[in-house]
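Top line first, the protein sequences correspond to chains A and B.
Position 157 (the first sequence) corresponds to 157 in the UniProt record's numbering; numbering is contiguous.
Position 98 (the second sequence) corresponds to 98 in the UniProt record's numbering; numbering is contiguous.
Note that CB positions come from ideal geometry on N, CA and C, so glycine has one too.
None of these values were measured; they are calculated from a predicted model.
Okay, so here's the structure we're looking at.
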Amino acid sequence: MTAIKHALQRDIFTPNDERLLSIVNVCKAGKKKKNCFLCATVTTERPVQVKVVKVKKSDKGDFYKRQMAWELRDLTEVDARDANKDNPEFDLHFEKVYRWVASSTAEKNSFISCIWKLNQRYLRKKLEFVNVSPQLLEESVPSGESQSVAGGDEDVLDDYQELNTREEQDIESMMEVCEYAISNAEGFAEKLSRELQVLDGANIQSIMASEKQVNLLMQLLDHALSEVDNIEGKLLSYEEMLQSVKEQMDQISQSNRLIQISKTNNDKLLDEIQFLVNYMDLSKGHIKALQEGDLSSPKGIEACINASEALSQCMNVALKPGHDKLLAVKQQQRLFTELKDTFARRLTNHLNNVFVYQFNHFSHFKMTIPQFYRSSCLSLPGHDQSNTLAQHTADLTLPKHSPLHRDLLRYAKLMEWLKNTQRDKYEGLSRTYVDYMTRLYEREIKDFFEVAKIKMAGSSKDVKGKFGLHGSSGKLTGSTSSLNKLAVTSSNSKRSQSSSLLDMGNMSASDLDVADRTRFDKIFEQVLSELEPLCLAEQDFISKFFKLQQHSTPAQGENVDDADGIVHSRPPSEHRISISEKDMVRLMMNKIFQSIEMELNSLIALGDKVDSFNSLYMLVKISHHVLTAENVDPASYLSTTLGNVLVTVKRNFDKCISGQIRQMEEVKISKKSKVGILQFVTGFEEFAKLAEAIFRNAERRGDLDKAYIKLIRAVFNNVEKVANESQKTPRDVVMMENFHHIFSTLSSLKISCLETERKDAKQKYTEHLQSYVINSLGQPLEKLNHFFEGVEARVAQGVREEEVSYQLAFNKQELRKVIKEYPGKEVKKGLDNLYKKVDKHLCDEENLLQVVWHSMQDEFIRQYKHFEGLINRCYPGSGITMEFTIQDMLEYFSSIAQSH
Amino acid sequence: MAANKNKNQSSLVLHKVIMVGSGGVGKSALTLQFMYDEFVEDYEPTKADSYRKKVVLDGEEVQIDILDTAGQEDYAAIRDNYFRSGEGFLLVFSITESESFSATSDFREQILRVKAEEDKVPLLVVGNKSDLEDRRQVSADEARAKADEWSVQYVETSAKTRANVDKVFFDLMREVRAKKMSETKEKNGKKSGNKKKSLKERCVLL
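This is the structure:
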């Protein structure tokens with residue numbers, strides 16, 4: 001632009017004495033590419049004229065033509081069209097409105113600004129600036145203002161140029177060169193003008209030369225411009241090419257996307273197909289196994305298990321919503337269902353057959369034995385003892401079903417499959433199983449209990465014999481003892497030789513009692529220990545085979561794992577399942593073993609009938625088994641059944657106790673013989689010994705303790721009752737002897753709950769010993785006793801001891817008379833009689849004669865001394881003494897001792 | 001069924017043992033220890049008491065009758081009667097009390113007097129309270145010398161620790177049994193109907 005400005009100044013304005021101040025490249029509004037310039041000029045001569053000149057660049061050649069010029073005076077309005085926006089358009093209002101478009105907003109702005117300034121400086125006339133940014137107008141105001149203040153001297157100031165030092169020096173040197181300058185100013189001036197002319201010429205020449213250069217430059221520029229045009233054209237063509245390439249690329253990418261979509265679709269389809277093929281395809285082998293696989297060989301079962309698992313897997317595949325609409329899937333599913341049905345039917349049939357076969361097999365096997373038992377049972381009554389004995393040695397066992405279970409457990413997986421797929425078939429099978437097993441077990445258990453009963457009956461027969469013995473039916477006694485002899489010969493042979501027949505019978509009977517009981521205990525224990533594994537095995541088998549407890553275990557495990565309650569909301573449902581499944585097991589067990597409880601009860605009843613003491617054994621055994629069973633599994637069928645049975649046994653036990661108590665109450669003693677130790681006292685001793693042995697480590701101690709207390713109370717009461725009723729034997733003796741025995745029993749058994757009773761017994765024994773001694777001793781010196789009792793009564797009434805002798809009934813004569821009645825001989829006879837009587841009263845078992853006699857001797861001496869003391873006090877100085885001395889008395893005692 | 005038991009007991013062979021000795025030497029303690037496996041610390045003078053127990057003596061079931069007697073009686077003659085009834089005697093003294101040891105001689109003399117018709121009376125000298133070694137007054141040698149003199153066995157026991165308690169009873173029973181057997185043989189061999197026989201018979205009948 002500056003270059004253009006220079007060119008314009010040089011070419012156009014300098015010749016007209018004008019100065020170019022501002023230039024703007026414009027074109028007429030509405031026309032294109034009409035390149036021209038608007039120039040603001042001032043004349044160099046005064047008065048200054050301000051003009052706006054329009055210069056046009058000629059199309060051809062490189063020069064400018066002055067087209068039109070306006071006086072600034074004529075300008076009325078400048079319209080910038082828009083003050084704020086960049087808008088190169090502007091209007092100038094002269095005689096008419098000229099519309100321009102500047103090549104740039106900046107140019108426009110500087111041009112407008114220049115016009116404003118020129119107006120300010122030279123014209124100061126009202127000129128409208130419309131839509132011109134105020135910034136543009138104000139910017140230069142201050143300078144304009146100052147310039148205006150300077151006034152008209154401005155041009156003078158402009159012209160005067162102060163010489164700077166260098167110019168000064170130049171001038172000075174120049175003047176020195178022309179020494180004559182000062183002297184010859186004229187010559188110097190001439191010289192200077194000459195030189196100036198030379199310089200002017202040179203200047204003009206150089207200007208001329210530079211014009212050529214400029215022209216050359218302009219040419220070059222033109223050339224460059226055309227080159228640029230050329231390049232522009234090329235670029236345009238390139239762009240076109242690129243455009244087409246881009247279009248092609250677009251097309252390619254479009255098709256690519258389509259290919260992608262179809263590929264993913266294909267992939268998905270493939271996946272689906274693969275999924276269906278993978279999961280819904282059942283191998284030929286499996287199909288074959290399901291359709292006709294051998295269900296009896298382990299290999300076949302294995303194959304079937306695998307096949308059934310594969311089948312369930314296939315059937316349980318989680319199909320997506322649309323899958324079931326696929327024909328192939330439908331077909332496959334139909335095939336599976338068919339396979340499932342066929343296989344389930346086959347499996348059910350086969351298992352049914354297995355059940356039947358096993359059942360028949362077992363029952364056949366079992367049938368052979370019971371027949372033997374039955375025959376022996378029939379021949380039992382009495383005649384064939386060897387058979388009975390053989391019977392006793394026969395094994396009391398229940399057949400084990402482990403082979404059956406083992407066989408069937410191979411099908412467990414298949415059962416699980418069946419349970420999960422064909423519930424009704426599964427339930428049908430379990431019903432069938434239960435039916436068969438019920439029959440099988442019922443028979444086995446019946447036989448088993450029959451054997452057990454026969455064994456028990458073997459002992460019961462003896463016991464009955466023994467009962468007969470007690471009932472004093474002499475007929476049976478003999479046979480019993482002989483039978484007993486058989487049973488216990490080995491242990492008793494020595495004694496039976498040395499004892500009388502009767503003794504031996506008694507003894508062996510009681511020994512047999514113990515032997516019977518231990519045998520009963522053994523039988524019962526065996527029954528229980530046979531039943532226990534049987535039940536457990538069956539329950540285990542059922543839960544395994546019918547898959548009835550599988551769920552409960554993980555559920556429980558879960559409960560244990562998440563104890564913090566997070567899972568608590570969930571387990572209940574699972575728990576319910578497990579409970580119902582346990583119920584299922586229990587139901588099946590109930591059905592299968594329905595006969596057990598009945599049989600057990602009847603066995604218990606028999607045991608109880610045979611010997612009520614057996615209840616003790618049964619109570620302990622059952623309790624123990626209940627506890628063990630509960631430890632194994634508290635909900636098991638066995639523990640519930642045993643629990644029920646336990647109630648019965650406990651009832652029997654209580655019955656046994658109350659039976660004993662009743663026996664005590666009903667006891668009758670003979671009026672002729674001495675009482676001795678009462679049957680029920682020794683009975684209690686025996687019971688307690690037995691019970692202690694049985695309950696030694698048992699869990700039911702509490703029951704026994706309660707029974708003890710009941711029994712001992714009955715014993716105490718009945719001893720007293722008998723003592724009161726006793727005629728032949730004095731009451732004191734009955735009490736003394738029996739309580740001594742009870743005390744001794746309790747001391748040796750050390751039953752802790754009966755400690756107070758033990759002390760009681762001792763107390764009663766001592767009391768009655770004392771009262772017996774005193775009562776008995778009243779007799780040998782009866783009158784003396786009466787006399788002195790009277791004396792004491794008087795003293796007690798307040799009569800002074802020394803004055804007793806003045807009483808008529810108790811004077812010295814009376815005393816002498818009484819004493820005379822008891823000479824030594826009489827006393828000795830009395831003591832003799834007393835000893836005999838005591839001997840007669842007392843029984844041998846308690847061996848209390850020596851104890852009693854010892855007490856009597858003591859008491860007698862005490863009485864003697866007491867009498868002597870009374871005589872000394874009440875009849876002092878009378879010189880009356882007893883007819884016998886203590887020494888005499890001791891001699892009597894010695895002689896009594898020697899005579900027995 | 002309980003009825004036969006008492007008869008059963010009496011049918012066993014019965015050995016009658018008498019505890020003899022001064023007061024407080026531990027006769028009752030020995031008896032109770034033997035009978036009930038218990039030791040009673042408190043001392044309560046006994047008048048007399050009788051005990052019976054079934055024991056197995058060398059494989060044979062027998063019964064033992066123990067008569068526990070009073071140690072402190074005013075009159076020795078009172079004892080005559082039960083000495084008479086005894087078949088064997090445990091002559092007990094306390095090793096912590098020399099008086100009780102010297103008293104044994106008197107007791108023995110009385111026993112021999114009462115059972116004068118017997119050739120030999122089964123008897124054991126028992127030095128009780130052997131657990132109280134620090135209070136011992138009677139040396140084992142001294143006691144043994146006396147026992148040797150009487151040609152009987154001397155055993156030291158402790159009713160408290162149960163040391164030798166069973167031994168003295170069983171040893172005594174063995175002696176009693178041996179004596180009875182020799183008498184039976186004698187009786188069967190030559191029917192010498194003297195007092196011994198009647199006594200023997202009475203025992204068996206009981």
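Beta carbon of residue i nearer than 8 Å to that of residue j
i: residue 860(A); j: residue 784(A); result: no
i: residue 637(A); j: residue 539(A); result: yes
i: residue 418(A); j: residue 350(A); result: no
i: residue 88(B); j: residue 152(B); result: no
i: residue 853(A); j: residue 864(A); result: no
i: residue 94(A); j: residue 74(A); result: yes
i: residue 616(A); j: residue 690(A); result: yes
i: residue 428(A); j: residue 348(A); result: yes
i: residue 849(A); j: residue 740(A); result: no
i: residue 21(A); j: residue 118(A); result: yes
i: residue 747(A); j: residue 43(B); result: no
i: residue 787(A); j: residue 818(A); result: yes
i: residue 602(A); j: residue 656(A); result: no
i: residue 532(A); j: residue 624(A); result: no
i: residue 19(A); j: residue 41(A); result: yes
i: residue 591(A); j: residue 438(A); result: yes
i: residue 523(A); j: residue 452(A); result: yes
i: residue 167(B); j: residue 155(B); result: yes
i: residue 115(B); j: residue 179(B); result: no
Beta-bridge pairing of residue i - partner residues as DSSP gives them
i: residue 25(A); result: 37(A)
i: residue 904(A); result: Look at the range of chain A in this structure, 1 to 900, and you will see that residue 904(A) is not part of it.
i: residue 69(B); result: 48(B)
i: residue 14(B); result: 63(B)
i: residue 128(B); result: 94(B)
i: residue 56(A); result: 36(A), 65(A)
i: residue 153(B); result: 124(B)
Cβ neighbours of residue i in the same chain (closer than 6 Å, five flanking residues each side left out)
i: residue 151(A); result: Note on residue 151(A): pLDDT 44, under 50, position unreliable in the model; no value is reported.
i: residue 99(A); result: 29, 91
i: residue 830(A); result: 780
i: residue 13(B); result: 62
i: residue 3(B); result: In this predicted model, residue 3(B) has a pLDDT of only 39, less than 50, meaning its place in the structure is not dependable; the value taken from the coordinates is given anyway. Counting only Cβ-Cβ distances below 6 Å, and skipping sequence neighbours, we find nothing.
i: residue 70(A); result: 52, 94
Beta-carbon separation (whole angstroms), residue i vs residue j, contact threshold 8 Å
i: residue 408(A); j: residue 354(A); result: 7 Å
i: residue 412(A); j: residue 547(A); result: 7 Å
i: residue 55(A); j: residue 36(A); result: 6 Å
i: residue 68(B); j: residue 46(B); result: 6 Å
i: residue 900(A); j: residue 674(A); result: No, residue 900(A) and residue 674(A) are not in contact; Cβ-Cβ is about 18 Å, not under 8 Å.
i: residue 107(B); j: residue 21(B); result: 7 Å
8 Å Cβ shell around residue i - same chain, five flanking residues per side excluded
i: residue 17(A); result: 43, 44, 45
i: residue 112(A); result: 78, 80, 90, 129, 132, 136
7 Å CB neighbourhood of residue i in its chain, flanking five on each side removed
i: residue 73(B); result: 79
i: residue 280(A); result: 314, 317, 329, 332
i: residue 870(A); result: 788, 791
Heavy atom of the ligand FAD within 7 Å of residue i beta-carbon
i: residue 680(A); result: No copy of the ligand FAD occurs in the structure displayed, which carries no ligand at all.
Practice prompt. Determine, using beta-carbon pairs with one atom in the segment 673-684 of chain A and one in the segment 636-656 of chain A, whether at least three such pairs fall under 8 Å.
Written response: no
Worksheet entry | Contact the segment 96-113 of chain A vs the segment 3-13 of chain A: 3+ CB pairs below 8 Å | Touching, no, given that fewer than three Cβ pairs across the two stretches are closer than 8 Å.
Discussion item. Quick check: the segment 764-777 of chain A against the segment 698-713 of chain A, are at least 3 beta-carbon pairs closer than 8 Å?
Written reply: no
Worksheet item: Does the pairing of the segment 243-263 of chain A with the segment 293-313 of chain A give three or more beta-carbon distances under 8 Å?
Response: Segments in contact, no.
Item to complete: Pair every Cβ in the segment 117-134 of chain A with every Cβ in the segment 164-172 of chain A, then say whether three or more of these pairs are closer than 8 Å.
Response: no
Worksheet item: Would you call the segment 81-99 of chain B and the segment 128-135 of chain B touching, i.e. three or more CB-CB distances under 8 Å?
Response: yes
Fill in: Validate contact between the segment 752-761 of chain A and the segment 790-803 of chain A using beta carbons, cut 8 Å, 3 pairs
Because the criterion of three Cβ pairs below 8 Å is not met, the segment 752-761 of chain A and the segment 790-803 of chain A do not touch.
Worksheet item: Between the segment 876-895 of chain A and the segment 48-62 of chain B, do at least 3 Cβ pairs fall closer than 8 Å?
Response: Short answer: they don't touch.
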